[in-house]
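Trainee: Starting off with a structure, shown below.
There are 6 protein chains.
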Amino acid sequence: MKTPPISRFAVPDVADLPKDVRERIEAVREKSGFVPNVFLALARRPDEFRAFFAYHDALMEKAGGLTKAEREMIVVATSALNNCQYCVVAHGAILRIRAKNPFIADQVAVNFRKADLSDRLRAMLDFALKVAARAHEIDEADYEALREHGFSDDDAWDIAAIAALFAMSNRLANAFSIRPNDEFYAMGREARA
Amino acid sequence: MKTPPISRFAVPDVADLPKDVRERIEAVREKSGFVPNVFLALARRPDEFRAFFAYHDALMEKAGGLTKAEREMIVVATSALNNCQYCVVAHGAILRIRAKNPFIADQVAVNFRKADLSDRLRAMLDFALKVAARAHEIDEADYEALREHGFSDDDAWDIAAIAALFAMSNRLANAFSIRPNDEFYAMGREARA
Amino acid sequence: MKTPPISRFAVPDVADLPKDVRERIEAVREKSGFVPNVFLALARRPDEFRAFFAYHDALMEKAGGLTKAEREMIVVATSALNNCQYCVVAHGAILRIRAKNPFIADQVAVNFRKADLSDRLRAMLDFALKVAARAHEIDEADYEALREHGFSDDDAWDIAAIAALFAMSNRLANAFSIRPNDEFYAMGREARA
Amino acid sequence: MKTPPISRFAVPDVADLPKDVRERIEAVREKSGFVPNVFLALARRPDEFRAFFAYHDALMEKAGGLTKAEREMIVVATSALNNCQYCVVAHGAILRIRAKNPFIADQVAVNFRKADLSDRLRAMLDFALKVAARAHEIDEADYEALREHGFSDDDAWDIAAIAALFAMSNRLANAFSIRPNDEFYAMGREARA
Amino acid sequence: MKTPPISRFAVPDVADLPKDVRERIEAVREKSGFVPNVFLALARRPDEFRAFFAYHDALMEKAGGLTKAEREMIVVATSALNNCQYCVVAHGAILRIRAKNPFIADQVAVNFRKADLSDRLRAMLDFALKVAARAHEIDEADYEALREHGFSDDDAWDIAAIAALFAMSNRLANAFSIRPNDEFYAMGREARA
Amino acid sequence: MKTPPISRFAVPDVADLPKDVRERIEAVREKSGFVPNVFLALARRPDEFRAFFAYHDALMEKAGGLTKAEREMIVVATSALNNCQYCVVAHGAILRIRAKNPFIADQVAVNFRKADLSDRLRAMLDFALKVAARAHEIDEADYEALREHGFSDDDAWDIAAIAALFAMSNRLANAFSIRPNDEFYAMGREARA
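If you read the protein sequences in the order shown, they are chains A, B, C, D, E and F. Just so you know, we're using this note's numbering here: the first sequence kicks off at 6 and counts up by one. Just so you know, we're using this note's numbering here: the second sequence kicks off at 6 and counts up by one. Just so you know, we're using this note's numbering here: the third sequence kicks off at 6 and counts up by one. Just so you know, we're using this note's numbering here: the fourth sequence kicks off at 6 and counts up by one. Just so you know, we're using this note's numbering here: the fifth sequence kicks off at 6 and counts up by one. Just so you know, we're using this note's numbering here: the sixth sequence kicks off at 6 and counts up by one.
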C-alpha cells in the first residue's frame, strides 16, 4: 500500500507558516532529527497550534513534581484506552527513552495492571485512567488513594490535567487521522543495561 | 447545606495573579457581571490558564464558519455526555442566550435526538458526540455525512476540535469539582418572543 | 422550526375521553394552569392511562416516608440516566418547587455526585440509580447502606419502586417522543430566599 | 440449602388482604393451581398491587393486535436482557404454553437472534429490545421497520409498552428478590406434537 | 418454520470421518442416545475436533478438585453471559442432571446472584464471570477471595480454564450458529426428590 | 523492580515433564533461541498443554487459506481488545516478522481502523473483532461482507476460530499473569526494505 498522508486535512508548507510556529517546528526538527507529524497537522491552524503546545509544555515540560517518565506513562496509558495510534506510538517512544526501559511502553499500553510497576505508579495510573474514562465519578477517596502513595495535591492536579489534555489530543489525532512518523516505532528499544 | 467551594483546589486571590491573568478575569467580570468559577479555578496555574483560554478563544470566539450558538450547542451536548455539571450549566446559559431559545439547552443536554433541531444540527451533534465518545471509530463516512448537510471541511475541524477541547475541559471540571456559579442557572430563560 | 407534536401518536380530544379520564385531566389543568402532555399522550389508551396514574399516585402522592422533594429527586436522577427529556424537564420543575431550590434539578440531572446533597440523599440516589441501571446486582449490602442513613425498609421499597416506575415511564416517553410542555422550563427558577 | 423466601420483604397473609386483592389472588390460584409469587410479594402494598395488575391486564390480556404468545415473547426477551429470574422463569412457562412450543422460551432468553423465529418476530424483538436497552435512541426508522413487517402503529405501541412495563417489573423483582415458584420450571415442556 | 440446520457450515457424514473421530461420536451416541450437535459441527475439521474434545475432557472429565456439577455450573453461567444458546441449553441439561436439581440451570443462566447457591459457589461464579468478562483485571485479590472459600490454587486454575475454554466454545457456537439438539431442553427437569 | 515470575502459578522443571511435552519445548527453543513463557506456564498441566498446542497448530500452522501474517494479525487485533499483554507482545513480534513490516503490529494493536491495511484486511479484522466482542450478534450479513472481499467460507471459519481460540488464550494469560519474554519486544523491528 501507499503510505497514507500525515493527516486527513491538508498540511501546510512549513515555509508559509507564521514565524513563531515555523521556529517551533524547526526547533523540534533540530532536536529530534525529524518533525513529529502532530506539529504539521495542527499547524494548519496557527492559533490552535500555539494553544496546544503551550498547554503541552505547561504540563509535560515543567520542572518539579512528577518525573518526565511518569508523565509520559500517563500519556501512554490513557491514549491506549482511547485507541489513539499517534499518541501511543509517539509517546511510547518518549516513555521508553525517558524511563530507559525498552519494555514499559508496550506493557502499559496493553494492560498497565500487568506492567512492571511499583504500587505507587499503579495508583498513579488508576487515577489517570479514571479521569480519562469516568471523571464524573472522581471523588475525594481517589485523591486520598494518591496521598497514601506520597503524591501531593499538586501531583494529583498534574495527573488529572495530563489525562485531560490527552483526552483532547487523542480525539484530535483520531478524528484527523494523524499518522505517527515511522521514526517513533524503533526508538528506545535497545536492550536494558 | 453550606455552599461547597468553587473547586476542591484552593483558589488564588485575584489580586495576587499575574497581570495578564488578572486582566482577563477583570474583563470577564465587567462583561458578565460576575467571574465564572472556571477562571478562578484554573488561575491557580497561570500557564495552564493562558493555554486553556487561548484554545477556548481560538475555537469559540473566532469569526466565520459555525455560528456561536452552534458552537455552544456542541459544548452542551458533549458535556452532558460527560456528566460535567460546570460546563452544562455555564454553557447551557450561553447557548440559551446565543440561540435566543429558553428551551434548547435543556433539550440538548438530556437527549439531543428529541430536541427541536433541524436535520443539519442533528448531523452536527451526531459527529460531535462520536468524537466525544468514540473518536477512534471516526472515518471518512462521518465527514461525508457532514458534507451532505452543507458543512465544509473546516467546519468539520471546528466541530471535532470543540468536542475535543471540552473532552479536556469536562475532565478538569469533574476532577477538580469546579462549581457552576449560581448566576448561570436562570440566564436566558425568559419566554421566547 | 415548527413546534413538534405532543407525541408521535395522535392525541385524543379531551372532550371524547371517558368521564374519569377527562375529569382527571381537567383537575390537573385547574391545579397547574395547563395540561402536562403526558396526560394527553397516554389518554389514547384509557386503561393504560388509569393504571399509570394510579401507580404514580400510589408512589408519588402518598403520605409519610420520603418527602415529596426526595421522591422527585429520584425521578430526575433516574430519568436523566435514561435520557428522558419529558421526565427530566417536567419533574425537574416539580423538584425545584418542592425543594424550594432553583439549582437542584439541573445539578442532579447532570451529575448527582457533584450536587449540593447531604450524604443521606447521596445514598438514596446511589440506590435508586443502581435499581435503574443494574437492578440484577442489588443485594442486601445495598439495603444495609440505606439503613445506615436512616432509611426504613419501607423507604427502600419506595426508592426502588419509584426508580422502577420511571424506568417504565422514561421508556414510554422516549419511544412515543412525548414532548415536555414549554411551561415547565421556567418553573421554580426564582432565586433562593 | 433451605428454600429462600418469596421476597426479601415480608409477605402478607392472604386472609388479611383487602377483599379485591384477595379475590384476585384466589382467582389466579383457582386458574393456575398455585399463586405466582409476584402476587404475594406485591400484595404488601395493595394500591401498587392494583395498579400493577391493571397495567398488566391492559397490555397482556386485551383482545386484538399481537397474539398472546407474541406478547409473552416480548416479556421473555426483555426480561432476559435485564437478568430477571422471576420474569424469565414465570413468563417463559406461559410463553411455552401459549406458543405450544417447548423450546422457544429458552431460545429467546439466551439469544433471540438464534431462536426459531420468522423475520417478523425478529423485527418485533429488535424493537422491543431497543426500547428496553436504549429507548432514547428510538426514532421513526424503528417504527418504519415494524411497518415493513406488517405491524400497525397500535401494535408498535403495544410492543413498546410491554417492554416498558417489564422494565419496571424486572427492576421490582430484582430489587425485591422475588423468587419464581417451583411450578413454573417444568410447565409446557412436553414434546411438540 | 422448518427446523434450521445443525450449523451454518455443512456437516460431514459420520461415515466419512476419520476412525478416531467417528468412534468418539459413536461412543457419545451410545451413552446419550443421540449425538450432540457440536460433535457433528466440529467434525468438519478433524484436527480441531480432536483438540477441542481433548481440551474439554482435560478440564471437564478429570478426577478430583471441583465436582462435575460445579464445573457445569461455570459453563452455564459464563455461556449465558456470552448469550450462547448451544452451551446454555446443552450444559444446562447436564448441570440439572449432575446437580440433581431441576431449577439450578435456569437460575444460574438468568442471574446467578439470585440462584439457590452457597456463598462458596457464588464466589466460584464471581471469579469465573470475571475471567469471562474482564480477565485483564484479575489480580491476587481475586485468588484470595477463592481461598477464603476453601478453593485451592489448582481449583482456581480449573475455574479460570473452564471459563476460558467456554469463552472459545461460545464464540464458535455463536459464529457457526450451532443449534442445540431438541433432546436437551427437557433433560433433568423431573421434580426434586 | 525485580522481574516478576513467568506465571502466578509455579512453573515445572522442563526435565520433569512428560517426554512429548519436553520435546515440543526443546523444539521451540531450538527454532526460536528461547522458550516462550506460555509453553512453560501451560506445561504445569500436560493434558491441557497438549490440547492447547494441538488447537494452535491446527489453526495457525496449517497450509492454505489465510497467510500466516493474516492469521497473526487476527491474533494481535483480538488480543489487544482483550488487553492481553502476553499475546500482543509475543504475536506482535511474529506478525512483524511474517508481514515483514516493523509498524503493523503496533498499528493493529492500538487501532486497526487507522492501520495501513487494505479494505480486504480491514473486513477480516471487522469480522474477527465482532467474534471476539459480540459473537452472539454474528449473522449471515457478516459472512456476506467477507465474501465480498474474496474470503471463502473456510476462510471465514478460520477467522472465527482464531478469534475464538485467542479469546481462550487471552483469558488464560491474563488470569495466570503469564509474562511475555523480553526477547519478543525487539523482534522484527528492523527498518522496512
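We treat Cβ as the ideally placed atom computed from N, Cα and C, and that holds for glycine.
Anyone know if the C-beta pair for A110 (chain E) and L100 (chain E) falls short of 8 Å?
Mentor: Closer than 8 Å, so yes.
Trainee: When DSSP labels each residue in this structure, what does K73 (chain B) get in the three-state scheme?
Mentor: Helix at K73 (chain B).
Trainee: Classify G69 (chain C) as buried or exposed, calling it buried when 16 or more other Cβ atoms lie within 10 Å of its own Cβ.
Mentor: Exposed, since its Cβ has fewer than 16 Cβ neighbours within 10 Å.
Trainee: Is the Cβ of E142 (chain E) closer than 8 Å to any Cβ of chain A?
Mentor: Yes, E142 (chain E) lies at the interface with chain A (some Cβ there is under 8 Å from its Cβ).
Trainee: Identify each residue in the segment 110 to 122 of chain B for which the Cβ-Cβ distance to at least one residue of chain D is less than 9 Å, and report them in chain order.
Mentor: Listed by position, the residues of the segment 110 to 122 of chain B near chain D (Cβ gap below 9 Å) are V115, N116, R118 and K119.
Trainee: Any Cβ of chain A within less than 8 Å of the Cβ of Y91 (chain B)?
Mentor: For Y91 (chain B), the answer is no, since every Cβ of chain A falls outside 8 Å of its Cβ.
Trainee: Are there 16 or more other CB atoms within 10 angstroms of the CB of P41 (chain D), so buried, or fewer, so exposed?
Mentor: By the 10 Å Cβ count, P41 (chain D) comes out buried.
Trainee: Report the residue from E:F54, E:L45, E:D18 and E:G97 whose alpha carbon sits nearest the alpha carbon of F189 (chain E).
Mentor: Taking only the C-alpha atoms, the option nearest F189 (chain E) is E:G97.
Trainee: Cα-Cα, which of E:G38, E:N179 and E:R76 is closest to N116 (chain D)?
Mentor: Among E:G38, E:N179 and E:R76, the Cα nearest to that of N116 (chain D) belongs to E:N179.
Trainee: By alpha-carbon positions, which one of F:C89, F:V136, F:A48 and F:M65 ends up nearest to V26 (chain F)?
Mentor: Comparing Cα positions, the closest option is F:A48.
Trainee: May I have the straight-line CA-CA distance separating A138 (chain F) from L170 (chain E), to the nearest angstrom?
Mentor: Spanning the two alpha carbons is a distance of roughly 16 Å.
Trainee: Between the segment 158 to 169 of chain A and the segment 127 to 147 of chain B, are three or more C-beta pairs nearer than 8 Å?
Mentor: Taking 8 Å as the limit for Cβ pairs, the verdict is that the segment 127 to 147 of chain B does not touch the segment 158 to 169 of chain A.
Trainee: Note down the Cα distance separating Y91 (chain B) from D21 (chain B), rounded to an integer number of angstroms.
Mentor: Spanning the two alpha carbons is a distance of roughly 25 Å.
Trainee: So, at 6 Å on beta carbons, what are the nonlocal neighbours of A104 (chain C) in its own chain, with the 5 sequence-adjacent residues on each side left out?
Mentor: Within the same chain, A104 (chain C) has close Cβ partners A74.
Trainee: Tell me which residue opens and which closes the alpha helix (DSSP H) that H61 (chain B) is part of.
Mentor: Looking at the DSSP string, the run of the alpha helix (DSSP H) that includes H61 (chain B) is P51 to M65.
Trainee: Is S182 (chain C) buried or exposed, if buried means 16 or more other CB atoms sit within 10 Å of its CB?
Mentor: With 16 or more other Cβ atoms within 10 Å, it is buried.
Trainee: What's the gap between the Cα of A56 (chain D) and the Cα of A172 (chain D)?
Mentor: Rounded to the nearest angstrom, the two C-alpha atoms are 15 Å apart.
Trainee: For I109 (chain E), report the span of its alpha helix (DSSP H) as first-last.
Mentor: Residues I109 to N116.
Trainee: Using only the alpha-carbon positions, how far apart do S174 (chain E) and V93 (chain E) sit?
Mentor: In a straight line, the C-alpha of S174 (chain E) is about 11 Å away from that of V93 (chain E).
Trainee: Would a check of beta-carbon distances place A128 (chain B) closer than 8 Å to chain A?
Mentor: No, no contact with chain A.
Trainee: Measuring only between beta-carbons, confirm whether V33 (chain E) sits less than 8 Å from chain D.
Mentor: It does not: the Cβ of V33 (chain E) has no partner Cβ on chain D nearer than 8 Å.
Trainee: Using alpha carbons as the reference points, say which of A:R34, A:P51 and A:Y148 lies closest to D163 (chain A).
Mentor: If we check each option's Cα against that of D163 (chain A), A:Y148 comes out closest.
Trainee: Strictly below 7 Å CB to CB, what residues from chain E border L134 (chain F)?
Mentor: Result: empty, since nearest Cβ-Cβ is about 12 Å, beyond 7 Å.
Trainee: Report the option in A:S84, A:T8, A:D62 and A:D159 whose CA atom is closest to the CA atom of R29 (chain A).
Mentor: Comparing Cα positions, the closest option is A:D62.
Trainee: Within the same chain, show all residues whose beta-carbon is closer than 7 Å to that of H154 (chain A), passing over the 5 residues directly before and after it, in chain order.
Mentor: D124, R125 and A128, listed in sequence order.
Trainee: Say the cut is 7 Å; is the CB of F156 (chain C) nearer than that to a heavy atom of the ligand SAH?
Mentor: Among the components of this structure there are no ligands whatsoever, and the ligand SAH is therefore not found.
Trainee: For A82 (chain B) and L130 (chain B), which I take to be in contact (beta-carbon distance under 8 Å), what is that distance rounded to the nearest angstrom?
Mentor: Contact flag correct, Cβ pair sits at about 5 Å.
Trainee: Using only alpha-carbon positions, find the residue among A:F132, A:R176 and A:N186 that is nearest to A161 (chain A).
Mentor: When each option's Cα is compared against that of A161 (chain A), the closest is A:F132.
Trainee: Unbroken alpha helix (DSSP H) runs of length 4 or more, entirely within the segment 118 to 198 of chain A: which are they?
Mentor: The qualifying runs are 124 to 139, 145 to 153, 158 to 181 and 188 to 191.
Trainee: Can you pull the chain B residues whose beta carbon is under 7 Å from the beta carbon of A166 (chain A), in chain order?
Mentor: Going along chain B in sequence order, the residues near A166 (chain A) (Cβ under 7 Å) are E53 and L177.
Trainee: Is it buried or exposed, R152 (chain E), if we count other Cβ atoms within 10 angstroms and call 16 or more buried?
Mentor: Exposed, because fewer than 16 other Cβ atoms sit within 10 Å of the Cβ of R152 (chain E).
Trainee: I want to verify the contact list: residues of chain D whose CB lies under 9 Å from the CB of F108 (chain E), in sequence order.
Mentor: Within chain D, the residues near F108 (chain E) are V94, P185, D187 and Y190.
Trainee: If we cut at 8 Å on Cβ distances, does A198 (chain D) have a partner in chain E?
Mentor: Bear in mind that the predicted position of A198 (chain D) carries a pLDDT of just 49, short of 50, making it too unreliable to give a figure here.
Trainee: Span of the alpha helix (DSSP H) holding I102 (chain C)?
Mentor: Q90 to A104 is the span of the alpha helix (DSSP H), which, as asked, contains I102 (chain C).
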